[in-house]
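Student: Quick one: this structure, given as structure tokens, is what I'll be asking you about.
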Amino acid sequence: MNVTKRLTATFSQLRAVTLATLMTAMLAPASHAVSTGNNLPDIGTAGLSALTLEKERMIGDISMRQIRGAYPLINDPVLQEHLESLGYRLVTATKQPIHPFKFFWVNENSINAFAFFGGHIGVHSGLYLHADSEGQIASVLAHEIAHVNQRHLARHIEAQMQNQPATLGAALGSIVLAVLAPQAGIAALQTTMAASQQMSINFTRKNEAEADRIGMQTLVAAGYDPYAAAEFFAKMAAQYRYVSKPPQFLLTHPIPESRVADAQLRAQQFPRKAYPVSVDFQFAKARIEARYSGKSSKVMVQEFQRRVDKKEGRLVDAAVYGLAIAQFDDGNAKQAAKTIAPLLKEYPRNLFVIDAITDIDMETGNAERAESRLNDFYQYMPNNQVITLNYANVLIKRNKADKAIELLNRFRVKHPEDMVALALLSDAYLKQGNTAQHYSVKADRLALMLQYEQAIAMLERALHATPDDNNIEIVKLEAKVRQYRNDLTRLKSL
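For the sequence shown, the residue numbers in mature numbering (1 follows the signal peptide of the UniProt record, and there is no 0) are -33 to -1, 1 to 461.
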């Protein structure tokens, strides 16, 4: 599905003061001790008195809602499926994850990945553009997962409480800001924590070393190349050694020579062997470059055509895929159909290919074929977001809103915060003529971006559109209005 509608507001709109105040309110001392029960080393138990797991999740949820409303996120089902598949493969390889992890994309060409409260991990699209393999991406994510599981941010906060408890709220806000936007975060930290000269940008050197060590264990347990971490570290260090303004990744993850050497030594404990090229990683990288790098589709057509002609890259099929995406985005769906045909034959079940051919079929008058193909896949992949959301989109465009609504509501049970699903569901209700539900779902989507006033306005429209004799629906909508008003009041009072 061609999802080019993205949140385009800049991060400067993110209200760090609100975050800081919110976090201060949430950090009231717990009334009882919390037992970790997770067999982590002693160092990992620090921070519990300052920030319980429950409070971490609460802060993480609020922070994520604010990020959705203020950050240029990528809501692309096929890229999201790829990122989650990679991320959960790593999480499964950890001994005991302490949070239900949530991975998301940030539409930024800069090289960065970050973790924050409640198991949220963001990946800048630029990270993929600079990585050579899925193993290198996995090494970065394994490192971030280790930060979360070891509760490094909570431990950092605990240490600051011991020194300067009065500035905890401001420190929390600036720490989160530093994780998301290092330059702004550094300034905030310098203002609120000027007396703490040993504070790092967001994690101490000790925490970074621990995350490297545990991340390596996770990387190997998940079946990835242990040398990938050292390769990526060395590449970043060499590429930006003499640059006055390094990328965000190096601001939050400094790479001294000792760190590269340590990664190499850890990798040498394992036998060196060949690892297969990940087709999905190469397709993801090509899709990001074609659609999210900021370059025009015409430029990308020329670039991918050059790579195809010269058979350039680790996987020529990825260049073919990128060319098809660029051709489609450039308005040449018929040529894109010819370009992608060999890939459909070679990778008939690959989600990247299925997603692309669906768009192409819909544009070239083959909507019935697209619907039939997706229906077949849906029978054995009913919970897959790429299949479900593409299928629902096709059904809506083919005036089968009732069936689309059924699929999307079923999907929503397990994915209540999926922004693409909510947008499609809102469209489906409108197509069905159910304006009340159309507005109600739009309200839910706005609430997920902390836009409660707009959400309440949408619910008022939904109530106005609901027949007077539909008492059950009126009661549901009124309850939701009260809920959002309470949430808004609570936020304003912080």
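Think of the CB as a built atom: it goes at the ideal place given N, C-alpha and C, for glycine as much as any other residue.
With DSSP as the reference, label residue 307 as helix, strand or coil.
Tutor: What you label residue 307 is simply residue 340 of the sequence shown in a count that begins at 1. Three-state DSSP puts residue 307 in a helix.
Student: In the DSSP assignment, find the unbroken alpha helix (DSSP H) run with residue 354 in it and report its ends.
Tutor: Residue mapping note: residue 354 aligns to position 387 of the sequence shown, counting from 1. Segment 352 to 364, the alpha helix (DSSP H) holding residue 354.
Student: With respect to the alpha helix (DSSP H) encompassing residue 69, which residues constitute its N-terminal and C-terminal limits?
Tutor: By one-based count along the sequence shown, residue 69 stands at place 102. Here residue 69 belongs to no alpha helix (DSSP H); instead the beta strand (DSSP E) covers 69 to 73.
Student: What separation, rounded to the nearest whole angstrom, lies between the Cα atoms of residue 459 and residue 452?
Tutor: Here the question's residue 459 lines up with position 492 in the sequence shown. Here the question's residue 452 lines up with position 485 in the sequence shown. Distance between the alpha carbons of residue 459 and residue 452: 10 Å.
Student: Can you grab the Cα-Cα spacing for the pair residue 198 / residue 226, in whole Å?
Tutor: In the sequence shown, the residue the question calls residue 198 occupies position 231. In the sequence shown, the residue the question calls residue 226 occupies position 259. In a straight line, the C-alpha of residue 198 is about 12 Å away from that of residue 226.
Student: Our contact map puts residue 444 next to residue 433 with C-beta atoms below 8 Å; I'd like the distance itself, whole angstroms only.
Tutor: If you number the sequence shown from 1, residue 444 lands on position 477. If you number the sequence shown from 1, residue 433 lands on position 466. Yes, they are in contact, since the Cβ atoms of residue 444 and residue 433 sit about 7 Å apart, within 8 Å.
Student: So what's residue 154 in DSSP terms, helix, strand or just coil?
Tutor: The sequence position of residue 154 within the sequence shown is 187, counting from 1. Reliability of the predicted coordinates at residue 154 is poor, the pLDDT of 44 falling under 50, and the value obtained from them is presented with this limitation in mind. Of the three classes helix, strand and coil, the one that applies to residue 154 here is helix, per DSSP.
Student: Taking just the CA atoms, how far does residue 109 sit from residue 182?
Tutor: Taking the sequence shown and counting its residues from 1, the one referred to as residue 182 is at position 215. Taking the sequence shown and counting its residues from 1, the one referred to as residue 109 is at position 142. Going by the C-alpha atoms only, they are around 5 Å apart.
Student: Could you work out which residue in 118, 103, 259 is closest to residue 72 when comparing CA atoms only?
Tutor: Taking the first residue of the sequence shown as 1, we reach residue 72 at position 105. With distances taken between Cα atoms, residue 72 lies closest to 259.
Student: Classify residue 65 as helix, strand or coil using the three-state DSSP reduction.
Tutor: Within the sequence shown, the letter at position 98 stands for residue 65. Here residue 65 sits in coil by DSSP.
Student: Would you kindly check if the distance between the Cβ of residue 26 and the Cβ of residue 93 is under 8 Å?
Tutor: Sequence index remark: in the sequence shown, residue 93 carries index 126 (1-based). Sequence index remark: in the sequence shown, residue 26 carries index 59 (1-based). Contact: no.
Student: Looking at C-alpha atoms only, which residue of 387, 407, 111 is the closest neighbour of residue 396?
Tutor: In the sequence shown, residue 396 corresponds to position 429, counting from 1. Residue 407 is the option with its Cα nearest to residue 396.
Student: Does the Cβ of residue 59 have 16 or more other Cβ atoms within 10 Å, making it buried, or fewer, making it exposed?
Tutor: Locating residue 59 in the sequence shown gives position 92, counting from the first residue. Under this definition residue 59 is an exposed residue.
Student: From 321, 185, 422, pick the residue whose C-alpha is nearest to that of residue 411; which is it?
Tutor: Here the question's residue 411 lines up with position 444 in the sequence shown. Nearest C-alpha to residue 411: 422.
Student: Does the contact criterion of 3 or more C-beta pairs under 8 Å hold for the stretch 235 to 249 versus the stretch 277 to 290?
Tutor: A contact exists between the stretch 235 to 249 and the stretch 277 to 290.
Student: What is the DSSP secondary structure of residue 81, counted as helix, strand or coil?
Tutor: Counted from its first residue, the sequence shown places residue 81 at position 114. Residue 81: strand per DSSP, three-state reduction.
Student: What is the rounded straight-line gap between the Cα of residue 386 and the Cα of residue 314?
Tutor: Stepping through the sequence shown from its first residue, residue 386 is reached at position 419. Stepping through the sequence shown from its first residue, residue 314 is reached at position 347. When rounded, the distance between both Cα atoms is 28 Å.
Student: Could you give the first and the last residue of the continuous beta strand (DSSP E) run that contains residue 91?
Tutor: Here residue 91 refers to the residue found at position 124 of the sequence shown. Here the beta strand (DSSP E) through residue 91 covers 87 to 91.
Student: Let's see if you can read the secondary structure: which residues bound the alpha helix (DSSP H) around residue 54?
Tutor: Counting from one through the sequence shown, the residue named residue 54 turns up at place 87. Run containing residue 54: 44 to 60, per the alpha helix (DSSP H) assignment.
Student: Determine which residues share a DSSP beta bridge with residue 40 and list them.
Tutor: Stepping through the sequence shown from its first residue, residue 40 is reached at position 73. For residue 40, which the question treats as bridged, DSSP gives the partners 73.
Student: Is residue 30 closer than 8 Å to residue 83 when the C-beta atoms are compared?
Tutor: Counting from 1 along the sequence shown, the entry for residue 83 is found at position 116. Counting from 1 along the sequence shown, the entry for residue 30 is found at position 63. Yes; because the gap between Cβ atoms is below 8 Å, this pair is in contact.
Student: Is the beta carbon of residue 66 closer than 8 Å to that of residue 115?
Tutor: Within the sequence shown, numbered from 1, the residue matching residue 115 stands at position 148. Within the sequence shown, numbered from 1, the residue matching residue 66 stands at position 99. Yes, they are a contact pair.
Student: Around the Cβ of residue 21, are there at least 16 other Cβ atoms within 10 angstroms (buried) or fewer (exposed)?
Tutor: As a first step, residue 21 is located in the sequence shown; it is residue number 54 there, counting from the start. Residue 21 should be labelled exposed.
Student: Taking buried to mean at least 16 other C-beta atoms within 10 Å of its own C-beta, is residue 431 buried or exposed?
Tutor: Within the sequence shown, the letter at position 464 stands for residue 431. It is exposed - the Cβ of residue 431 has fewer than 16 other Cβ atoms within 10 Å.
Student: In or out: residue 393 buried (at least 16 other Cβ within 10 Å) or exposed?
Tutor: One-based indexing of the sequence shown puts residue 393 at position 426. Answer is buried; the Cβ neighbour count reaches 16.
Student: On the DSSP letters alone, give me the boundaries of the alpha helix (DSSP H) that residue 431 sits inside.
Tutor: Against the sequence shown, residue 431 aligns to sequence position 464. Segment 419 to 432, the alpha helix (DSSP H) holding residue 431.
Student: Roughly how many angstroms lie between the CA atoms of residue 355 and residue 442, to the nearest whole one?
Tutor: In the sequence shown, residue 355 corresponds to position 388, counting from 1. In the sequence shown, residue 442 corresponds to position 475, counting from 1. Whole-angstrom Cα-Cα distance: 30 Å.
Student: Considering only the beta carbon of each residue, do residue 486 and residue 425 sit closer than 8 Å?
Tutor: Outside the modelled stretch of the chain, which goes from -33 to 461, sits residue 486, for which no answer is possible.
Student: Could you check what DSSP says for residue 378 in three-state terms: helix, strand or coil?
Tutor: As a position in the sequence shown, residue 378 is number 411, starting the count at 1. Helix.
Student: Which residue's Cα is closest to the Cα of residue 62: 186, 51, 35?
Tutor: The residue given as residue 62 occupies position 95 in the sequence shown. Comparing Cα-Cα distances from residue 62 to each of 186, 51, 35, the minimum goes to 186.
Student: Residues in the same chain with beta-carbon distance under 6 Å from residue 286, minus the five sequence neighbours each way, listed in chain order, please.
Tutor: For the purposes of this step, residue 286 is taken as residue 319 along the sequence shown, with counting starting at 1. Hits under 6 Å: 271, 274, 275, 280.
Student: When burial is assigned at 16 or more other CB atoms within 10 Å of the CB, is residue 68 buried or exposed?
Tutor: Here residue 68 refers to the residue found at position 101 when the sequence shown is read from its first residue. Answer is buried; the Cβ neighbour count reaches 16.
Student: What number of angstroms, rounded off, separates the C-alpha of residue 446 from the C-alpha of residue 119?
Tutor: Within the sequence shown, residue 446 is the residue found at index 479, counting from 1. Within the sequence shown, residue 119 is the residue found at index 152, counting from 1. Those two C-alpha atoms are separated by around 39 Å.
Student: Counting C-beta neighbours from all protein chains within 10 Å, is the total for residue 134 16 or more, i.e. buried, or is it exposed?
Tutor: The residue given as residue 134 occupies position 167 in the sequence shown. Residue placement at residue 134 is flagged as unreliable, the pLDDT there being 49, under the threshold of 50; the coordinate-derived value follows with that caveat. Looking at its Cβ environment, which holds 16 or more other Cβ atoms inside 10 Å, residue 134 is buried.
Student: One question on the structure: do residue 398 and residue 368 come within less than 8 Å of each other, judged by their Cβ atoms?
Tutor: Within the sequence shown, numbered from 1, the residue matching residue 398 stands at position 431. Within the sequence shown, numbered from 1, the residue matching residue 368 stands at position 401. The answer is yes: Cβ separation under 8 Å.
Student: Give me the residue from 361, 95, 440 with the minimum Cα distance to residue 402.
Tutor: Along the sequence shown, one-based indexing puts residue 402 at 435. The option with the nearest alpha carbon to residue 402 is 440.
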